[in-house]
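The next block holds one structure in the form of structure tokens; read it before the comments.
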Amino acid sequence: MERTEEFSVLNRAAQIEKLQTTKFDLVVIGGGVTGAGIVLDAASRGLKVALVEKNDFASGTSNKSTKLIHGGLRYLKQFEIGLVRESGSERAIVHKLAPHLVIPEKMLLPLVEGGTYGKMMTSIGLKVYDFLADVKGDDRRQMLNKQETLEKESLLNKDVILGSGLYAEYRTDDARLTIEVLKKAASFGATIINYCEMKSFNYNDDSKIKSLNCKDHNTGNTFKIKAGNYVSAAGPWVDKLRTKDHSMTNKYLHLTKGVHIVFPNGKLPVKQPLYFDVPDGRMIFAIPRGRATYVGTTDTNYSGNLDRVVATKNDAEYLLNAINGTFPDVNLSIDDIESNWAGLRPLIHEEDKDPSELSRKDELFISESGLISIAGGKLTGYRRMAHRVIEAVLKTMKSKHKKGLKKSKTEKIPLVSPSLENSHNVEIYQKELEIKLLELGILDTYHAWYLCATYGKQSDIIIDKSKTFDNKDALERLIRAELWYAIHHEMTNSLTDFFVRRTGRLYFDIPSVKKYMKLIFDDCSSYLNWGIKRIASEKENMELLLEDASTYYEKEFE
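Each step along the sequence shown adds one to the number in full-length UniProt numbering, with nothing skipped, and position 470 is 470.
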């Protein structure tokens with residue numbers, strides 16, 4: 001049964017007490033979207049479940065994707081039919097669960113002379129794609145001629161365009177999706193905490209895991225967590241945990257790095273999302289989002305520092321060459337880039353395959369100690385991956401422990417309460433937000449879009465709270481209300497949590513980070529009662545992230 005329970009950092013002491021004193025059915029290690037999906041599936045079935053994350057939720061791969069819940073058109077080219085079918089059905093389900101956060105958009109696939117896709121193969125491929133993904137109605141693909149294509153996007157190179165395909169995709173915010181899944185899991189009774197690192201395993205006499213040694217990074221205190229089952233959903237760190245468990249096999253992770261760069265709309269004013277060819281045979285996305293347009297991604301092998309993944313000059317130049325080759329009139333340089341993000345894909349290693357050819361399928365590793373690890377997979381498939389993990393957990397449980405458990409129902413649990421039912425309701429609500437913000441003195445339509453796309457109907461709480469602050473500037477009152485909400489309802493524990501994962505401002509509105517940094521810092525320090533040492537580390541961490549988001553290094557950190 002779902003119940004209201006504050007997902008707040010201010011409840012941290014009680015949460016840690018519960019972690020120490022409860023024997024759980026399941027503990028999940030890793031607070032990305034995969035771990036979030038697992039803990040929601042488990043809690044909603046009736047399992048007693050906990051999740052620990054060593055940094056912030058979604059601070060790894062789950063905040064560094066292309067931010068699409070997509071069907072994977074390129075997987076069709078690699079004949080991964082099952083992956084395309086599953087991705088296609090999943091994106092429609094997740095859209096229904098959070099229509100403000102998983103937004104349908106038409107993707108333009110330009111066809112050029114000598115490109116990856118010819119007219120006939122594109123037409124056939126998109127038809128098969130629609131069939132596998134069960135696309136209906138207005139979302140079905142269209143084939144456009146040269147003139148129709150240039151009307152859709154006039155920045156394309158007129159000399160090489162032959163036409164295009166137009167097909168359905170879904171844009172999201174991966175970190176926000178992760179946070180909403182975790183909040184929903186907490187409402188079903190899951191015990192969830194960030195900045196709590198699993199340091200090592202303890203074993204019983206028959207070499208089965210009996211508990212975890214964990215460290216609370218806020219206090220430095222260590223404690224044990226006990227459970228009947230243990231799952232590692234640690235993304236790029238999965239093999240590190242398998243090594244700690246002495247359960248590495250001949251199957252292991254192959255990490256690849258993906259970089260995205262962000263421009264103000266005025267620098268790259270594309271009118272709609274595009275998926276276009278680059279000379280090396282790969283495909284790149286260019287996606288308008290609010291006040292910005294982002295482009296990605298690279299796909300290169302990675303063996304550097306897992307905790308500090310950065311963009312290099314080579315990464316930036318690769319993407320800039322792709323942009324300038326496709327949109328010859330924009331003439332962008334590295335100085336035009338406003339921000340970037342760099343992340344890792346934890347894929348399953350396959351011999352003699354280039355990074356772009358590696359499968360995005362997920363795989364379970366089950367060790368003799370009882371540790372279940374999940375690796376690989378895509379953002380789009382988080383719910384199905386969670387289902388497979390919980391089914392594997394249930395196979396290890398005795399029949400008496402499974403009595404009374406419900407079947408999985410995550411395809412029917414709205415992620416945000418109160419929920420918006422469909423895209424039409426989202427549009428209506430966004431218009432309502434414009435009126436509410438106008439009454440506060442905020443004249444632009446951007447902030448209504450931003451609030452709606454970020455929080456859905458939870459925006460009402462933020463707007464009401466903003467009225468309690470006395471700043472003359474309405475936008476200052478609004479961002480202070482956002483922080484208040486993020487601390488009291490979204491377990492925000494640091495400046496970086498707020499500016500990166502809860503609001504996405506570091507990537508999509510970096511000027512606002514610099515503008516409101518002191519205001520947010522003062523409020524955060526007051527809410528969370530930071531001492532001198534914590535204040536210094538918070539400033540240092542935020543400055544480092546700002547540097548990494550706007551710098552292009554000669555090489556990766558080791």
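Backbone N, C-alpha and C define an ideal beta-carbon position, used for all residues, glycine too.
Remember, predicted model here, so these are calculated numbers, not experimental data.
Query                                                                                                                       : Result
Paired residues, beta bridge with Ser89 - DSSP                                                                              : Paired residues: none, contrary to the question.
Distance between Leu415 and Lys533 (C-alpha atoms, nearest Å)                                                               : 37 angstroms
Gln430, buried or exposed, once every other Cβ within 10 Å from all chains shown has been counted against 16                : buried
Validate contact between the segment 293-300 and the segment 310-326 using beta carbons, cut 8 angstroms, 3 pairs           : yes
Own chain residues within Cβ distance below 7 angstroms of Tyr450, not counting five before or after                        : Gly290
Buried or exposed by the 16-neighbour rule on C-beta atoms within 10 Å, applied to Asp174                                   : buried
Other residues of its chain near Glu434: CB distance less than 8 angstroms, five sequence neighbours each side excluded     : Thr445, Ala448
8 angstroms contact criterion, which Leu132 and Thr122 should meet: CB distance rounded                                     : 15 angstroms between Cβ atoms; not a contact.
Nonlocal neighbours in the same chain, by C-beta distance under 6 angstroms from Phe327, ignoring five residues either side : Leu155
Own chain residues within Cβ distance below 6 angstroms of Leu274, not counting five before or after                        : Leu108, Ala286
Val39: first and last residue of the uninterrupted alpha helix (DSSP H) it sits in                                          : 33-45
Whether Thr34 touches Ile374 by CB criterion (8 angstroms)                                                                  : yes
In DSSP terms, what Phe276 is bridged to                                                                                    : Ile284
Ile413 vs Lys184 beta-carbon contact at 8 angstroms                                                                         : yes
Nonlocal neighbours in the same chain, by C-beta distance under 6 angstroms from Gln142, ignoring five residues either side : Leu166
Segment limits, alpha helix (DSSP H) that includes Trp484                                                                   : 474-489
Unbroken alpha helix (DSSP H) run spanning Gly343, endpoints                                                                : Where Gly343 is concerned, there is no enclosing alpha helix (DSSP H), although the beta strand (DSSP E) it sits in stretches over 339-348.
Sub-8 angstroms separation of Lys555 and Thr312 beta-carbons                                                                : yes
Supposed contact pair Glu90 and Arg171 - C-beta distance, whole angstroms, cut 8 angstroms                                  : In fact, because the Cβ distance is near 15 angstroms, the residues do not count as touching under 8 angstroms.
Supposed contact pair Lys465 and Tyr485 - C-beta distance, whole angstroms, cut 8 angstroms                                 : 7 angstroms
Under the three-state DSSP convention, the category Ala168 falls into                                                       : strand
Between the CA atoms of Glu86 and Met1 - distance to the nearest angstrom                                                   : Note that Met1 scores a pLDDT of 41, beneath 50, so its modelled location is shaky and nothing firm can be said.
Identity of the residue in Met517, Lys119, Ser339 nearest Lys267 by Cα                                                      : Ser339
Span of the beta strand (DSSP E), counted from its first residue to its last, around Ala98                                  : First-last for Ala98: undefined, no H or E at that position.
Where Glu151 falls, given that 16 or more other Cβ within 10 Å makes a residue buried                                       : exposed
Helix, strand or coil at Tyr195 according to DSSP, with G and I counted as helix                                            : coil
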